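Here is the structure we will look at.
Residue numbers (full-length UniProt numbering): 1 to 413.
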């Protein structure tokens with residue numbers, strides 16, 4: 001069985017507690033009922049607590065939770081939140097004994113990694129801390145491998161985050177040995193010599209109008225577009241729906257990669273067009289490809305972010321190997337030429353685009369104003385030698401008409 005779940009916590013012994021996504025509605029309903037039933041403080045009169053006894057606990061967030069007594073020592077009790085998994089020491093005044101809700105099974109499931117042996121036969125504290133930091137409150141994919149002999153025992157699972165196997169990743173980090181490590185190559189950080197490449201985005205058929213966003217402008221005529229996934233599902237073509245699914249899955253995978261990026265090796269191979277992860281000015285890491293070495297001392301590399309079209313000159317410290325599962329998603333940004341206009345022959349503006357001097361900077365900034373943050377649509381005219389499109393604004397007019405009105409461009413038949 002394969003299902004999505006949220007990791008509620010990682011126990012001190014490395015037990016991973018998960019709440020299946022399918023349980024969320026029922027759990028939220030139960031929590032609302034508990035809050036309505038129990039109000040105010042816990043039990044303030046003396047009470048003889050017993051190990052294993054059911055209770056409700058008022059957490060530090062003032063919310064009541066189902067729990068059971070794990071250990072009794074004086075006025076402090078160790079309790080386990082049965083729907084979350086974590087264990088906490090709580091003063092008696094924050095507990096209330098109850099037999100309410102004991103007929104409802106716990107919503108969280110204790111799990112262990114299938115055929116995975118921690119170094120030293122138990123999970124070391126640094127490994128537990130790392131698992132907790134990596135997984136807590138995150139949505140993951142669970143593959144059930146083996147049911148426990150005892151119904152209260154741990155479920156043996158394979159856990160995948162962002163398309164990556166947790167067992168393989170922890171083995172790569174030297175925290176454990178994974179017996180069944182045929183998918184360790186999925187980590188992909190060892191594949192620098194294989195010269196992998198990105199998949200290209202499939203485009204709608206010529207003549208079909210589809211929603212787009214402009215992610216980068218090289219000049220008023222040369223831009224990078226992404227298929228816009230925010231439109232109505234019923235109106236979208238199969239190509240647009242696939243692009244939308246890829247975009248969502250890619251964003252999830254990149255979010256995980258940003259969490260583990262410090263464990264990925266720095267680039268040592270600087271071959272042109274080589275896929276990599278690069279750190280942008282916002283401090284986040286994105287998919288990129290190498291274009292050229294711009295400086296040797298210190299080394300500076302020109303990279304392009306393939307899902308946006310933007311460029312950056314970066315030191316090698318901001319470049320890392322890309323896990324190969326990130327290569328299965330097509331590049332999101334497509335380079336296109338806009339049809340129907342050309343630079344104005346009588347444009348008197350002195351400031352020109354240095355790398356494209358036929359265009360004035362004013363024309364570029366005017367085009368930026370026409371497309372930035374706008375809901376645009378496009379129609380492909382040709383796909384060879386360059387993808388050429390007609391680009392329409394949210395008023396359904398061609399975006400370049402503003403440049404023509406201002407004398408910054410002229411019609412090109």
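Glycine residues also receive a C-beta, built at the ideal position from the N, C-alpha and C atoms. As the structure is a computational prediction, the values presented were derived from the model and not from experiment.
Item	Value
Any chance you could list the beta strand (DSSP E) runs of at least 3 consecutive residues sitting entirely within the segment 371-400, in chain order?	376-382, 388-392
Which value, in whole angstroms, describes the spacing of the CA atoms of residue 396 and residue 381?	17 Å
Could you name the residues of the same chain whose beta carbon sits closer than 6 Å to that of residue 225, not counting the 5 residues immediately before and after it, in chain order?	212, 214, 334, 336
At which residue ranges does the segment 126-153 contain complete beta strand (DSSP E) runs of 3 or more residues, listed in the order of the chain?	139-146
Quick one: residues in its chain with C-beta nearer than 6 Å to the C-beta of residue 328, no 5 flanking neighbours on either side, listed in chain order?	none
For the beta strand (DSSP E) containing residue 78, name the first residue and the last one.	76-81
Nearest to residue 374 by CA position, among 228, 61, 401, is which residue?	228
Can you tell me whether residue 94 is buried or exposed? The criterion is at least 16 other CB atoms within 10 Å of its CB, across all chains shown.	buried
If you drop the 5 nearest sequence neighbours on each side, which residues of the same chain put their C-beta closer than 6 Å to that of residue 81?	65, 67
Pick helix, strand or coil for residue 35, following the three-state DSSP scheme.	helix
If the criterion is Cβ atoms closer than 8 Å, does the pair residue 331 and residue 306 meet it?	yes
By the DSSP assignment, the alpha helix (DSSP H) with residue 171 in it spans what residues?	166-172
Whose C-beta lies closer than 6 Å to the C-beta of residue 89 among residues of the same chain, with five residues either side of it excluded?	76, 78
Once you ignore the five residues that flank residue 170 on each side, which residues in its own chain have a CB closer than 6 Å to its CB?	176
With DSSP as the reference, label residue 212 as helix, strand or coil.	strand
For residue 160, is the classification buried or exposed, using 16 other Cβ atoms within 10 angstroms of its Cβ as the cut-off for buried?	buried
Out of 167, 245, 258, state which residue places its alpha-carbon closest to the alpha-carbon of residue 201.	245
Is the segment 43-56 close to the segment 109-124, with three or more CB pairs under 8 Å?	no
Is residue 186 helix, strand or coil when you go by DSSP?	Summary for residue 186: the model assigns pLDDT 48, below 50, so the residue's position carries little reliability, and this model does not support an answer.
Does DSSP put residue 279 in a helix, in a strand, or in coil?	strand
Threshold first: 3 residues or longer. Then list the beta strand (DSSP E) segments lying entirely within the segment 47-120, N to C.	54-58, 64-73, 76-81, 87-91, 95-97, 109-113, 116-118
If you run the structure through DSSP and keep just helix, strand and coil, what is residue 222?	strand
Can you tell me whether DSSP reads residue 294 as helix, strand or coil?	strand
Would you list the residues sitting across from residue 274 in a DSSP beta bridge?	Its beta-bridge partners do not exist; DSSP assigns none.
So residue 311 is in the beta strand (DSSP E); what residue range does that whole segment cover?	311-315
I'd like to check one pair, residue 407 with residue 314: are the Cβ atoms closer than 8 Å?	no
What residue range is occupied by the uninterrupted beta strand (DSSP E) comprising residue 17?	16-20
In this structure, does DSSP put residue 353 in helix, strand or coil?	strand
Go through its chain and collect everything with a Cβ distance to residue 371's Cβ below 7 Å, but skip five positions before and after it.	214, 399
In terms of alpha-carbon separation, which member of 157, 117, 5 lies closest to residue 107?	5
Among residues of its own chain, excluding the 5 on either side of residue 156, which ones have a beta-carbon nearer than 7 Å to its beta-carbon?	112, 114, 145, 146
Any idea what DSSP makes of residue 266, helix, strand or coil?	strand
Using only CA atoms, which one of 288, 301, 302, 297 lies nearest to residue 308?	288
If you check the beta carbons only, do residue 142 and residue 3 fall under 8 Å apart?	yes
Check residue 342 in the structure and name its three-state DSSP category.	strand
Nearest CA to the CA of residue 297: which residue from 273, 267, 316?	316
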